[in-house]
Amino acid sequence: MGQENTPKSQASGDGRRRGATDRRAKSPERETRISAQPAFVLHSYPYKETSLIVDVFSRDYGRVALVAKGAKRPHSKLRGVLQTFQPLSVGWTGKAEIRTLTDAEWIGGLLPLEKAALLCGFYLNELLVKLLARDDPHPGLFDHYVATLNQLAHDEPAPIVLRKFERALLKETGVAGTLSMDSVSGQPVISDETYVVDPERGPRPAHASDNSPRVSGKTLLDMEREDYTDATTQLQSKFLMRFLLAHHLGGTPLNTRQILIDLTQL
0 MGQENTPKSQ ASGDGRRRGA TDRRAKSPER ETRISAQPAF VLHSYPYKET SLIVDVFSRD
60 YGRVALVAKG AKRPHSKLRG VLQTFQPLSV GWTGKAEIRT LTDAEWIGGL LPLEKAALLC
120 GFYLNELLVK LLARDDPHPG LFDHYVATLN QLAHDEPAPI VLRKFERALL KETGVAGTLS
180 MDSVSGQPVI SDETYVVDPE RGPRPAHASD NSPRVSGKTL LDMEREDYTD ATTQLQSKFL
240 MRFLLAHHLG GTPLNTRQIL IDLTQL
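Residue numbering for the sequence shown follows numbering that gives the first Met the number 0, beginning at 0 and increasing consecutively.
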């Protein structure tokens with residue numbers, strides 16, 4: 000079989016930011032050669048007869064699309080390496096939107112995800128694919144992703160772990176501000192008042208005509224300091240984050256989120 004060529008535009012739309020997330024992926028202008036980059040596979044799909052397109056989340060370069068040539072061949076060393084939730088060290092080269100994978104090694108250090116935790120992991124990956132622009136580095140979010148996988152693998156409460164990650168993702172991508180300040184008055188949120196959160200502006204006092212989720216000031220303050228010990232905070236934050244994510248996804252459904260709702264009510 001002849002040598003496969005790197006595609007230039009295929010799969011460019013799967014991670015397009017919508018709604019308020021209107022930034023576009025940066026187009027590399029010069030040949031790059033990257034090696035030993037910490038990364039995780041978010042998603043992969045077949046390309047031609049023997050290759051894969053792999054969407055990876057790298058620590059220093061963000062979400063990058065790579066063609067893994069020959070990865071589907073029976074004796075390819077990449078077959079067992081390019082798995083989700085496995086800490087990898089990867090290398091690539093090229094200047095097209097989809098570059099060429101040159102190396103991938105498993106580096107270990109994380110327990111495997113199982114059962115409900117595995118489904119939660121796929122939910123995290125779907126969020127990253129749909130909300131992160133390509134070639135937009137988020138090293139802090141990468142570290143948070145690693146910590147979240149580790150927490151899920153150690154059976155920490157999934158609803159709390161997911162709420163923290165969802166909030167971190169929206170903050171890292173620049174579409175979420177503070178929850179502790181009233182966006183109308185500019186004053187601190189009051190614990191025993193009732194609020195709604197405008198996805199573009201932040202919290203404001205709730206009105207009788209509001210259709211968006213109502214939350215207490217205490218819930219907003221708890222979320223701001225990542226304290227989800229209160230049962231009411233857990234419940235209200237779940238519906239609030241579902242509402243905010245739907246807005247920033249521009250109506251694009253989250254397949255894994257629906258499965259989580261159906262199976263575990265997370």
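All residues carry an ideal CB built from backbone N, CA and C; glycine is no exception. All of these numbers come straight from a predicted model, not from anything done at the bench.
Residue span of the beta strand (DSSP E) that contains residue i, given as start and end
i, result
"residue 202", "201-204"
"residue 32", "31-46"
CB of residue i within 7 Å of CB of residue j, strictly
i, j, result
"residue 66", "residue 55", "no"
"residue 247", "residue 188", "no"
"residue 81", "residue 63", "no"
"residue 112", "residue 84", "yes"
"residue 122", "residue 255", "yes"
"residue 58", "residue 37", "yes"
"residue 61", "residue 136", "yes"
"residue 99", "residue 93", "yes"
"residue 179", "residue 225", "no"
"residue 195", "residue 184", "no"
"residue 151", "residue 116", "yes"
For residue i, the first and last residue of its enclosing alpha helix (DSSP H)
i, result
"residue 56", "Taken as a continuous stretch (DSSP letters only), residue 56 belongs to no alpha helix (DSSP H), being part of the beta strand (DSSP E) at 50-57."
"residue 158", "157-171"
"residue 143", "138-152"
"residue 72", "Run containing residue 72: none; DSSP gives neither H nor E here."
"residue 234", "230-247"
Beta-bridge pairing of residue i - partner residues as DSSP gives them
i, result
"residue 64", "54 and 97"
"residue 133", "62"
"residue 87", "38 and 105"
"residue 215", "193"
"residue 305", "This structure cannot settle anything about residue 305, because the visible part of the chain is limited to 0 through 265."
"residue 92", "32 and 99"
Expected contact under 8 Å - CB spacing of residue i and residue j to nearest Å
i, j, result
"residue 193", "residue 213", "5 Å"
"residue 171", "residue 140", "4 Å"
"residue 51", "residue 70", "4 Å"
"residue 191", "residue 216", "6 Å"
"residue 33", "residue 90", "6 Å"
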